[in-house]
Each structure stands twice: as structure tokens, then as C-alpha cells.
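Just so we're aligned, residue 1 is where the sequence shown starts under UniProt numbering, counting upward by one.
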Amino acid sequence: MATLSSPTIITTTSILLNNPFLPKTPQLSAHHHRGVRSVNGKVSCQTKNNNGNDDNNQFQLIQNPNTNTPYLLDRRNILLGLGGMYAALGSEGANYYNTLAAPILPDVEKCTLSDALWDGSVGDHCCPPPFDLNITKDFEFKNYHNHVKKVRRPAHKAYEDQEWLNDYKRAIAIMKSLPMSDPRSHMQQARVHCAYCDGSYPVLGHNDTRLEVHASWLFPSFHRWYLYFYERILGKLINKPDFALPYWNWDHRDGMRIPEIFKEMDSPLFDPNRNTNHLDKMMNLSFVSDEEGSDVNEDDQYEENILLMRKAMVYPSVSDDPNKAELFLGSPYRAGDKMEGDVSGAGILERMPHNSVHVWTRSNTIKGNQDMGAFWSAGRDPLFYCHHSNVDRMWSLWTDVLHGGNFPKTPEYDDYRNAYFYFYDENANPVRVYVRDSFDTERLGYKYEDQELPWMSITQQQQQQQRQQQRQPLLGGRLKTRTFSLVKKVLTELKVMLPLPLKYSVIKTKVDRPKKSRTKEDKLEHEEVLVINFKLGKSKDFIKFDVYINDGTDYKPEDKTKINLEYAGSFTSLTHGGGGGGGDMSHMAEEDMGKNTVLKLALNQLLEDLDATDDDSIQVTIVPKSGTDSIVITGIDIE
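Right, here's the structure in full:
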């Protein structure tokens, strides 16, 4: 046995640090991450125990006797058998910081029977049948091999394959007929989403913290696995293992309506809890309510939808910044973290247009935003899975089409890749699946039928023409080819004093840029990011505010969201049940409100479009749209 240098006390901890069979532990980084904070030069990582008291014994900061560097030992990893300490291993040359934290894991043996609505008018257990962890197996590709690769096709083309459509309807009908005791039944499948997305499961080892897969980097992977098993269950019920779900192709003009196959009232695909005003209307991918923008013609709406898709998919893709995967997928979420509010850290993939499609589809007559407008009820609508199939397709396109390079397309952290979820497979067997196995759709046995991507084909000339058209009224006919120097005259030079409530008032402020006139190489390596920090309180409404850069328009909250070249993005969040209706988490709904929340928006391409790359500062306009009564803006900066 190797000789230990002389620490003050030889403990189990010091032996563990020198154990060659355990993972190497990185040095603590000075870079802040959630769950670890610096207090007067010392690292504090306090959590609450089951009694609500600080549990300072869970973590121990110690000195490595061989290197004289500090390490943070999480005893939870040893006690819970999580395989030792999870180290964050950065790619060579990438600007990653080292973190020492365990992956976020669900404690499925403690699912809370939660009231899914704050007002108590409708409740649901939100708990699938209990998992027997003694018989639960880890997912292995060899056990779920597909002999024929499944092909997911656009839902608006469904009538071209009547045999497939009949199979789809039959599979859903059988699923709806299964007893509630069967985890594959329609209602139990809906409860899977409710449980993971409305905080019914506590985090393993942290009974006072609810696990919520939305608003974090878990969002894409969880929903990919969710659809994976839902699709396999449908295939099993009709004895067709090659059955594939359709995708709602809302990024193409032909798919910008609720697909016809979901509107037949005598079909098992029909859900009465949808917006009756939208059954035959072209979608608004930035939708808030029917009160705004009802007079927009289809051609204009289509152009705005396509520009929004371009900003959501292409703009965050122009640099090879290794950290930008988090901009698209969502921010880190680790064991011991508490979701900031209920909605912090959502990536572009979740915010827009994912959330807006949910709100577009939800009922306009039934209390509680059912079905698609709330986490707890969204899975009850068969259209939900078609919608999320296209969200999953967006992730696949972002990975395979928009990024052919070698930069990390997913966060390179073990505490991300080793996070896991529990599902029931097509044979009603419990299975544990890991984030790390969700990245490759080809290996998972399915692909998406190719479809034209109109948002990829917008040229710079088309964008310039649109920008000129939008500026014509503002500049009173003085339009020139390069209009930015004229536009700057109408922009504010004032910096607002923060914090400032967003409730009913538009916020306009000047924000200094840390660096201007950046080289092409610098822009390729680093994304310039607008960071808006805010306090988010409780709201029963869909939450949304819009952000514009260098836009001289006098916006009003009641105006329709305008997707123009100056539009930078939106913060959105669906109605959230709050979870924790009983048990150890009964206090959580109130405690989690009013926390720090952040919105991050990519700027590189936007500043190019606005001819603002050489400017010392930009004007940021924040327009409240819905549910913003409890929002207080606390910071606006550029990183």
C-alpha cells in the first residue's frame, strides 16, 4: 500500500482520495456553479436534511495530502452507491471549468401524491405504478435492438399512408383501453410526464428538493427517452415493432396547422381539450393569446414563423463556443440544486417555439390550461407526442445538420451524462436509462424523414430587405442601404437603475459591450451572450416576455410579438402545478417561488445582422407579454 503523507488525521476520506479504483477527483474551480459557493474564501456546500436543518456533514472539504489541493467529498455518493465522485472532464482546449457534483437522480420510491393545480379544482396523483428497484435493469442497446430502422414522418402527410394511419389509431385505442394498473396505459403514460415535470419525485438524497426535468439540460434527453418507450409500447400493442410516431412539422408551411388526423372527433387521436379557435388556423410560433395579432394575414405570419425558427436554430449555431450547447439544451442541473423559481435555465430548444406550441394548442374554455398548456395534463393529448417528436427532431437537426464540426454538441460533464430516469418498456418491465445513451438517434433505432427546411434558406439579402421594410416607417422615408447609423439616433443612451419590476412597463436600457470589433476567429470561438437576470414569482398564467436589440419601436405590452431582425428571443414558461401536495415536500410550492432566474440569448449573428459589431453598446428592450406581474429584472449584462 502506498505511503500517505502526513495529514493531520488519517480518515476514510483521505484513504478514498488515494484509492486507485475510484475516479480521479478534479481540483475545485473558482468558477461558480450551483450547489457550491464561496463564503469568505471557504467553500460551503450546505444542504438540508430530512428535518429541514443544515446538514454540514454531508460534504467535507479536505486537503489532498499528495498535491496540497482542496477536494470536496460528497458522502452521499458513497452511501447511495453512485459509483464514487463524478468528475467533470473538459475537452482539450475547451473553456470548461471543473465541477465536483453528483448527477441529479429521481427518488422514484417516494413519489408524492400532488395536487396538480394550485387552486385545487383538479388533482392527479402524478405517480406511475411504483418501480420495483430490485428487478429494474439498466438500459442496454443489445436488449432493445430494432431489426428495421423506424422512420418518423410528418403528420400532415399521414393520409398518404392509410395503413400506417389505421395502425396508429388502433394502437392509441388499445392504449386507452388498458387498465390503470398497466403502466403502459394512456393515463399512466401521461402521468410519467406529470411526475417528472411537476415535481412529484424528490431528488435522491435530497428529500426537500423536487426533481423537475424542464428548464435544464435534462429537458431534451428526458423527452427523447419518454417518446422512445411510448413509441415502442404502441408498436407492441399492435404487434408491429417497426411502428414510428409522426412529427408535427410546425417549422414548415404545410405543417403550421394542427394536423388533420388529430381533428377527427370520432378518432382516438382526438382530444376535446384544445383551442377551438385554432383548429384550422395557421400557427403563431410566438403565440401568447387570441387577443393579440388576430388580424395578421397568413403570408406575414408564415414569414415571422420562419424568421423565428431561424433565430432559434441557426443563430446559436454560428460559433464553435464549447459552452453554447447549454444555450440550446438548457443550463446545468445537479444533485443538491434547487430549480431557481420553477423555470430557470431553459434552453432555446424548450423556450421557443416549444412552449408557444403548447399554449397555442391548449383549451380556450377549460380551467387549468388543459391539456397541452400545463405540465401535469399535457401527456393526455395524443398530439403532445407528435409535437415533442418535432422538438426531438430539432435537437437532431441541431446536432447533425447545423453542427458538422467536432466541438462538443452536448455538455462534457459526467454529472450530466450519468443522470438517469426510470420508465416502463413495451413489456411493462421497469428500466433505468441514462442521459449518455440518448444522444444518437441512429443507435436508438429511428430517424426522421427529410423535409425541406425553409428557415435554413433565408439569405442575407432577404434579411436586409426585410430590415429595410421594417425601418421605413421609423425613418420617415430616409431609408438607405445601411440604416444603422440613422437608427442609432432614436435609441436610448440611458441606463436604467435595477432592480425594476417588469409588471406592466416596457424596459429600455443601454448595455455596454465588454468587447467590440471582434475578429472572425474570436467570433467563431466565443459566443457573445446577453444575460438577463430576474426574480420570478408564482403565476397561474403562461409566462412570457420578449427581448429586442437596437429597436427604436415604441412597444406596448398588448402588442403582438413582432419577429423582426431586432428580435433576440423570449422567456417563456408553461403553467406549473407546483407539485408537493403531501409528504415531506408539502412546503415546497411556496418555498420555490421568487428565486433567481436567468435568460441567456446568443448575440453573434444578431449583431452582424444589425451592423452593430463595432458599437460600444446596444439598446435592450424588454416587453412584458403574459404572467409577468411577479417578475423583477435584477441585471442586464453581456458576457
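C-beta: ideal position from N, C-alpha, C; glycine also.
Keep in mind it's a predicted model, so treat the numbers as computed, not measured.
Assuming residue i contacts residue j (C-beta within less than 8 Å), just tell me the rounded distance between them.
i    : j    : result
R334 : I104 : 6 Å
A312 : Y247 : Contact flag wrong, Cβ pair sits at about 16 Å.
F423 : V192 : 7 Å
T572 : R362 : That pair is no contact at about 13 Å.
G358 : L218 : The residue you asked about is not Gly; residue 358 is His in the sequence shown. The Cβ separation is near 18 Å, so there is no contact.
H388 : L227 : 6 Å
I618 : V511 : 6 Å
Which of the three DSSP states, helix, strand or coil, is assigned to residue i?
i           : result
T519        : coil
P128        : coil
Q619        : strand
L279        : coil
G569        : strand
P272        : coil
T561        : coil
D554        : coil
P499        : coil
N596        : strand
N207        : strand
N174        : Correcting the residue identity first, residue 174 is Ile in this sequence and not Asn. Helix, per DSSP.
A215        : coil
R513        : coil
R393        : helix
Y201        : coil
T399        : helix
S626        : strand
T112        : coil
G379        : coil
residue 642 : Here the chain covers residues 1 to 639 and nothing more, so residue 642 does not appear.
G635        : strand
V431        : strand
D546        : strand
L329        : helix
Y424        : strand
L453        : coil
I411        : Inspection of the sequence shows that residue 411 is occupied by Pro rather than by Ile. P411 falls in the coil class under three-state DSSP.
A346        : strand
Among the options, which one has its Cα closest to the Cα of residue i?
i    : options                   : result
G627 : F542, V213 and K169       : F542
L599 : R432, A346, P557 and Q301 : A346
F139 : V433, L530, W164 and H145 : V433
N427 : N239, D161 and I348       : N239
N249 : Y228, N166 and D392       : D392
E521 : N604, F219, E566 and T209 : N604
N533 : Y555, L498 and E558       : L498
L327 : N273, V296, G379 and W395 : W395
D337 : Y504, H206 and G379       : H206
H186 : D546, Y196 and I174       : I174
R310 : N429, E298, L610 and W455 : W455
I636 : V531, A568 and N297       : V531
T136 : G330, D425, N390 and C194 : D425
S570 : K625, D616 and N596       : K625
Residue j and residue i - do their beta-carbons sit closer together than 7 Å?
i    : j    : result
V623 : V506 : yes
F439 : F222 : no
I638 : L536 : no
R253 : Y302 : yes
S216 : C111 : no
P183 : P128 : yes
Y448 : R152 : yes
F375 : D198 : yes
D371 : N275 : no
S356 : L285 : yes
Residues in its own chain within less than 6 Å of residue i by CB, not counting five upstream and five downstream?
i    : result
L524 : S319 and D320
R436 : R417
L234 : A171 and F243
E527 : S319, D321, K324, A602 and N604
L307 : I563
F131 : V108, Y422 and P430
Beta-carbon within less than 7 Å of residue i's beta-carbon, same chain only, minus the 5 sequence neighbours each way: which residues are those?
i    : result
I15  : Low per-residue confidence applies at I15: pLDDT is 30, beneath 50, and the placement is therefore not dependable, though the value from the model is reported in the following sentence. For I15, where only same-chain residues beyond five positions count, there are no Cβ hits under 7 Å.
N277 : D290 and N364
L279 : I258 and K263
K409 : A325, T399 and H403
Q451 : P154, N249 and H252
P316 : K324, L327, F328, I348 and A602
If I measure Cβ to Cβ from residue i and keep anything under 8 Å in the same chain, skipping five residues before and after, which residues do I get?
i    : result
D614 : K516 and S517
L269 : Y168, K169, I172, I261, F262, P382 and L383
Y230 : Q189, L245 and Y385
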